[in-house]
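Chains as they are written, first to last, in this note's numbering: chain A, 15 to 170; chain B, 15 to 170; chain C, 15 to 170; chain D, 15 to 170.
Taking it in order: structure first as structure tokens, then the write-up.
Protein chains: 4
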Amino acid sequence: MDVKKETVRGFYDRLRRLYEERLPFNRVLGITVTSVTSDGGTMAFSMREDLIGNVFHRTLHGGVISSVLDAVGGLTASASLVPRAAGLSEEAVREMFAQVGTIDLRVDYLRPGRGERFTAGGRIMRSGRKVAVVRMEMHNEDNLLVAVGTGTYMVG
Amino acid sequence: MDVKKETVRGFYDRLRRLYEERLPFNRVLGITVTSVTSDGGTMAFSMREDLIGNVFHRTLHGGVISSVLDAVGGLTASASLVPRAAGLSEEAVREMFAQVGTIDLRVDYLRPGRGERFTAGGRIMRSGRKVAVVRMEMHNEDNLLVAVGTGTYMVG
Amino acid sequence: MDVKKETVRGFYDRLRRLYEERLPFNRVLGITVTSVTSDGGTMAFSMREDLIGNVFHRTLHGGVISSVLDAVGGLTASASLVPRAAGLSEEAVREMFAQVGTIDLRVDYLRPGRGERFTAGGRIMRSGRKVAVVRMEMHNEDNLLVAVGTGTYMVG
Amino acid sequence: MDVKKETVRGFYDRLRRLYEERLPFNRVLGITVTSVTSDGGTMAFSMREDLIGNVFHRTLHGGVISSVLDAVGGLTASASLVPRAAGLSEEAVREMFAQVGTIDLRVDYLRPGRGERFTAGGRIMRSGRKVAVVRMEMHNEDNLLVAVGTGTYMVG
């Protein structure tokens with residue numbers, strides 16, 4: 015068995031659990047991590063009554079959209095660190111992931127957040143020693159682009 | 015009694031109820047509207063277990079911060095329309111407020127969201143016929159600046 | 015001959031001349047419009063001594079990068095209006111293009127602006143009646159991504 | 015004579031010369047540094063034919079505005095490092111200032127850039143070991159607010 019690959023997969027599993035299970039507000043949003051690799055992460059969540067921001071149009075609250083885009087951006091920035099984790103002590107790895115934080119975020123609301131199931135994905139644009147920049151997108155189940163965003167994350 | 019002033023206060027009350035009671039996700043966040051005038055709006059909310067984004071540091075989720083900043087920005091943009099509401103029909107007023115929507119949002123996370131009680135306020139920077147720009151700030155109970163943001167809102 | 019197509023090409027030519035010849039600061043930057051269609055526009059410019067922002071590293075000034083990204087975003091937003099121009103009077107067309115303006119701009123500086131020849135392109139993300147959102151990218155001659163940006167433009 | 019104060023003033027003078035004289039594109043823009051302290055910097059420049067972006071309205075090019083806001087933001091971020099410079103070697107100081115760079119920039123164009131003389135100022139919002147966040151503003155000679163911006167700068 016290839017220990018190194020196993021370990022790398024272990025880091026991604028850990029990130030998945032962190033974003034899905036250990037962040038209380040992500041549970042409020044009902045976020046599921048659908049993939050996470052060094053290329054970035056993807057998430058999904060379902061429309062629910064209490065995620066609504068506009069009662070007339072029954073669309074997602076803008077804050078739900080920005081929250082999920084920030085989460086998938088953070089997941090993507092964290093995943094970009096996995097190659098640096100190989101060989102580090104457990105404590106160093108934990109510290110490395112713990113220090114990932116959003117510096118700033120821009121969200122562009124392109125269409126009303128209408129739908130039953132939404133997916134969000136992130137792509138690394140800059141991967142520096144200290145700072146990562148990620149572009150994010152959110153689609154509904156008809157593959158309509160609901161929102162895009164850009165986040166700058168502290169990574170070191 | 016000055017009917018016109020009464021009406022204006024009525025519009026602000028309506029906005030307060032809209033943001034506090036009628037937007038399901040604002041209730042999830044526990045937002046209270048603490049003031050709303052033509053100069054802008056202010057909101058407050060309390061730390062709660064399920065608003066946490068970082069279990070180690072017990073700080074607010076970035077999405078909670080962006081959600082509240084967007085909400086107080088939308089409230090401020092809506093409040094800036096009140097002077098235009100005088101003399102309009104009930105239906106026209108409702109439509110005017112209903113079409114307010116976030117075009118884009120930037121959030122700068124300045125300090126970890128640590129505290130028990132947070133306040134957020136908005137200030138109009140541009141008040142055009144079609145588009146408004148608002149700058150927002152969030153403080154904790156020690157008056158530490160946690161985050162600032164800038165939002166562009168459709169208003170006509 | 016297909017009159018309608020000719021007219022459409024005429025509008026794109028007009029936009030090319032506007033951005034290349036009629037905006038004094040675009041001439042300072044040495045901008046050439048390399049393509050413009052309803053899908054967006056592309057531009058190119060060459061490194062020059064007076065576009066330098068960092069004398070040690072001899073890299074582009076950040077303001078040159080933001081200026082060109084804003085310009086190609088404005089070109090793209092304008093080009094998205096061409097389908098609406100068909101059948102309008104000369105005066106109405108001129109007014110339509112004249113009112114295009116940047117509401118806000120975000121630029122992410124991903125790599126030092128090193129190179130001899132730079133290209134920039136825009137892609138429409140939102141094309142509304144009043145507001146357009148464009149994502150922009152700038153590469154150097156080695157196809158390295160130097161910067162990305164997002165602009166919100168008034169279009170009606 | 016208080017050597018330490020002299021040295022601190024020396025650092026500010028050095029930053030003034032750097033931004034005024036040593037960055038070629040700042041000379042193209044005609045930027046003068048009007049003040050620089052640990053609280054931030056201010057700049058001024060005059061309208062000129064070749065800074066125009068809209069020939070009909072004779073207003074500043076959006077790129078001139080974003081360039082100057084980025085410059086005053088960089089000056090402000092650099093000035094915030096001066097207290098750390100005391101006691102460092104000449105080489106360490108040079109390196110400290112040389113590594114200041116814009117990570118990302120948001121500009122909000124609030125009013126057409128009309129006027130003869132423009133001033134811009136920056137204020138530090140976050141001053142970390144690695145990253146600084148600055149809010150910037152630009153006024154014309156009638157004290158009308160033309161644009162605001164927010165920049166994130168690498169500082170360590």
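Glycine included, every Cβ here is placed at the ideal spot set by N, Cα and C.
Remember, predicted model here, so these are calculated numbers, not experimental data.
Exercise. Starting from the C-beta of Leu158 (chain A), find all residues in its chain whose C-beta is less than 7 Å away, skip the five residues before and the five after it, and write them out in chain order.
Key: Translated into the one-based positions of the first sequence, residue 158 (chain A) becomes position 144. Closer than 7 Å at Cβ, skipping near neighbours: Arg125.
Exercise. Quick one: using the 10 Å Cβ neighbour count with 16 as the cut-off for buried, is Ala91 (chain C) buried or exposed?
Key: In the third sequence, counting from the first residue as 1, residue 91 (chain C) sits at position 77. Ala91 (chain C) should be labelled buried.
Exercise. Specify the secondary structure class of Asp156 (chain A) as computed by DSSP and reduced to three states.
Key: If you number the first sequence from 1, residue 156 (chain A) lands on position 142. Here Asp156 (chain A) sits in coil by DSSP.
Exercise. Confirm, please, whether the CB-CB distance from Val50 (chain D) to Arg30 (chain D) is below 7 Å.
Key: Here residue 30 (chain D) is taken as the residue at index 16 of the fourth sequence, counted from 1. Here residue 50 (chain D) is taken as the residue at index 36 of the fourth sequence, counted from 1. Against a cut-off of 7 Å, the Cβ pair of Val50 (chain D) and Arg30 (chain D) comes out as a contact.
Quiz prompt | Alpha carbon of Thr48 (chain B) to alpha carbon of Ala58 (chain B), nearest angstrom | solution = Walking along the second sequence from the start, residue 48 (chain B) turns up at place 34. Walking along the second sequence from the start, residue 58 (chain B) turns up at place 44. About 7 Å.
Quiz item: Mind checking whether Met150 (chain B) and Val78 (chain B) have CB atoms under 7 Å apart?
Solution: Residue mapping note: residue 150 (chain B) aligns to position 136 of the second sequence, counting from 1. Residue mapping note: residue 78 (chain B) aligns to position 64 of the second sequence, counting from 1. Contact flag unset, no.
Quiz item: For a contact meaning CB atoms closer than 9 Å, what does Met168 (chain B) contact in chain C?
Solution: As a first step, residue 168 (chain B) is located in the second sequence; it is residue number 154 there, counting from the start. Within 9 Å Cβ-Cβ: Gly142, Lys144, Val145.
Exercise. Please report the residue range of the beta strand (DSSP E) in which Arg137 (chain B) lies.
Key: By one-based count along the second sequence, residue 137 (chain B) stands at place 123. Segment 131 to 141, the beta strand (DSSP E) holding Arg137 (chain B).
Exercise. Identify the continuous beta strand (DSSP E) that holds Val256 (chain B) and give its terminal residues.
Key: Within the shown structure, residues of chain B are numbered from 15 to 170, placing residue 256 (chain B) beyond reach of any answer.
Exercise. Just the C-alpha distance for Arg113 (chain C) and Ala146 (chain A), rounded to the nearest angstrom, thanks.
Key: As a first step, residue 113 (chain C) is located in the third sequence; it is residue number 99 there, counting from the start. As a first step, residue 146 (chain A) is located in the first sequence; it is residue number 132 there, counting from the start. With the sequence shown as reference, residue 113 (chain C) is identified as Gln, and Arg is not the correct amino acid for it. Each residue's Cα considered, the two are about 36 Å apart.
Quiz item: Does the beta carbon of Gly77 (chain C) sit closer than 7 Å to a beta carbon anywhere in chain D?
Solution: The sequence position of residue 77 (chain C) within the third sequence is 63, counting from 1. It does: the Cβ of Gly77 (chain C) has a partner Cβ on chain D nearer than 7 Å.
Quiz prompt | Assigned exposure category for His75 (chain A) - 16 Cβ within 10 Å defines buried | solution = Residue numbering aside, residue 75 (chain A) sits at position 61 when the first sequence is read from its first letter. Buried: at least 16 other Cβ atoms inside 10 Å.
Quiz prompt | Local conformation of Ser92 (chain B) per DSSP, three classes | solution = As a working mapping, residue 92 (chain B) is identified with position 78 in the second sequence. In this structure, Ser92 (chain B) counts as helix in the three-state DSSP scheme.
Quiz prompt | Residues in the stretch 104 to 128 of chain D having any Cβ partner in chain A nearer than 9 Å | solution = Ile117, Asp118, Arg120
Quiz item: Using 7 Å as the limit for Cβ to Cβ distance, is Met61 (chain B) near chain D?
Solution: Start at 1 with the first residue of the second sequence, and residue 61 (chain B) comes out as number 47. Met61 (chain B) does not count as touching chain D.
Quiz prompt | Neighbourhood of Leu119 (chain A) by C-beta distance below 6 Å, restricted to the same chain and skipping five residues each side | solution = Residue 119 (chain A) sits at position 105 when you count from the first residue of the first sequence. The answer, listed in chain order, is Asp84, Gly165.
Quiz item: Rounded C-beta distance between Val162 (chain D) and Phe132 (chain D)? I'm assuming under 8 Å.
Solution: As a first step, residue 162 (chain D) must be located in the fourth sequence, where it is residue number 148. As a first step, residue 132 (chain D) must be located in the fourth sequence, where it is residue number 118. 13 Å between Cβ atoms; not a contact.
Quiz item: Going along the chain, which residues of its own chain have a beta-carbon closer than 6 Å to the beta-carbon of Ser80 (chain B), five neighbours each way excluded?
Solution: Position 66 of the second sequence, counted from the first residue, corresponds to residue 80 (chain B). These residues qualify, in order along the chain: Val121.
Self-check item: Asn40 (chain A) versus Gly115 (chain A): straight-line alpha-carbon distance, rounded
Solution: The count along the first sequence starts at 1 and reaches residue 40 (chain A) at position 26. The count along the first sequence starts at 1 and reaches residue 115 (chain A) at position 101. So the two alpha carbons sit approximately 15 Å from each other.
Quiz item: Roughly how many whole angstroms lie between the Cα atoms of Glu109 (chain C) and Met168 (chain A)?
Solution: Position 95 of the third sequence, counted from the first residue, corresponds to residue 109 (chain C). Position 154 of the first sequence, counted from the first residue, corresponds to residue 168 (chain A). Taking the straight line from one Cα to the other gives about 45 Å.
Quiz item: Got a sec? Which residues, its chain only, sit under 8 Å from Arg140 (chain C) by beta carbon, not counting five neighbours each side?
Solution: The residue given as residue 140 (chain C) occupies position 126 in the third sequence. These residues qualify, in order along the chain: Ala146, Val147.
Quiz item: Just reading off the alpha helix (DSSP H) that Leu43 (chain A) is part of, what are its end residues?
Solution: For the purposes of this step, residue 43 (chain A) is identified with residue 29 of the first sequence, where counting begins at 1. It spans 38 to 43 - the alpha helix (DSSP H) in which Leu43 (chain A) sits, taken as one unbroken run.
Quiz prompt | Where Ser60 (chain B) sits in the DSSP three-state scheme | solution = Counting from 1 along the second sequence, the entry for residue 60 (chain B) is found at position 46. It is a strand residue.
Exercise. Below 7 Å CB to CB, which residues in the same chain sit around Arg36 (chain C) once its five sequence neighbours on both sides are set aside?
Key: Within the third sequence, the letter at position 22 stands for residue 36 (chain C). For Arg36 (chain C), where only same-chain residues beyond five positions count, there are no Cβ hits under 7 Å.
Quiz item: Does DSSP put Val22 (chain D) in a helix, a strand or coil?
Solution: Counting from 1 along the fourth sequence, the entry for residue 22 (chain D) is found at position 8. Note: Val22 (chain D) maps to helix in three-state DSSP.
Exercise. Would you kindly check if the distance between the Cβ of Gly55 (chain B) and the Cβ of Leu89 (chain B) is under 7 Å?
Key: Looking up residue 89 (chain B) in the second sequence gives position 75. Looking up residue 55 (chain B) in the second sequence gives position 41. Yes.
Quiz item: Under a three-way DSSP split, which group does Val82 (chain A) fall into?
Solution: Residue numbering aside, residue 82 (chain A) sits at position 68 when the first sequence is read from its first letter. Looking at Val82 (chain A) - three-state DSSP - the assignment turns out to be helix.
Quiz item: Gly55 (chain B) bridges to which residues according to DSSP?
Solution: Against the second sequence, residue 55 (chain B) aligns to sequence position 41. DSSP output for Gly55 (chain B) lists B:Val50 as bridge partner(s).
Quiz item: When you compare only the Cα positions, how much space is there between Arg143 (chain D) and Thr73 (chain A)?
Solution: Against the fourth sequence, residue 143 (chain D) aligns to sequence position 129. Against the first sequence, residue 73 (chain A) aligns to sequence position 59. Roughly 41 Å between the two C-alpha positions.
Self-check item: Residue(s) in a DSSP beta bridge with Asp118 (chain B)
Solution: Locating residue 118 (chain B) in the second sequence gives position 104, where the first residue counts as 1. Paired residues: A:Asp122, B:Thr166.
Quiz item: For the stretch 65 to 91 of chain A, which residues have a CB atom closer than 9 Å to at least one CB atom of chain C, in sequence order?
Solution: none
Quiz item: Residues of chain B with a CB under 8 Å from the CB of Met139 (chain D): which are they?
Solution: Numbered from 1 along the fourth sequence, position 125 holds the residue referred to as residue 139 (chain D). Those are Asp122, Leu124, Leu159, Val162, listed as they occur along chain B.
Exercise. Please classify Phe70 (chain C): is it buried, with 16 or more other beta-carbons within 10 angstroms of its beta-carbon, or exposed?
Key: Within the third sequence, numbered from 1, the residue matching residue 70 (chain C) stands at position 56. Burial call: exposed.
Quiz item: Are the Cβ atoms of Ser103 (chain D) and Ile138 (chain D) separated by less than 7 Å?
Solution: In the fourth sequence, residue 103 (chain D) corresponds to position 89, counting from 1. In the fourth sequence, residue 138 (chain D) corresponds to position 124, counting from 1. Going by C-beta atoms, Ser103 (chain D) is not nearer than 7 Å to Ile138 (chain D).
Exercise. State the Cα-Cα distance for the pair Thr46 (chain B) and Phe111 (chain A), rounded to the nearest angstrom.
Key: Counting from 1 along the second sequence, the entry for residue 46 (chain B) is found at position 32. Counting from 1 along the first sequence, the entry for residue 111 (chain A) is found at position 97. Computed Cα separation, rounded: 34 Å.
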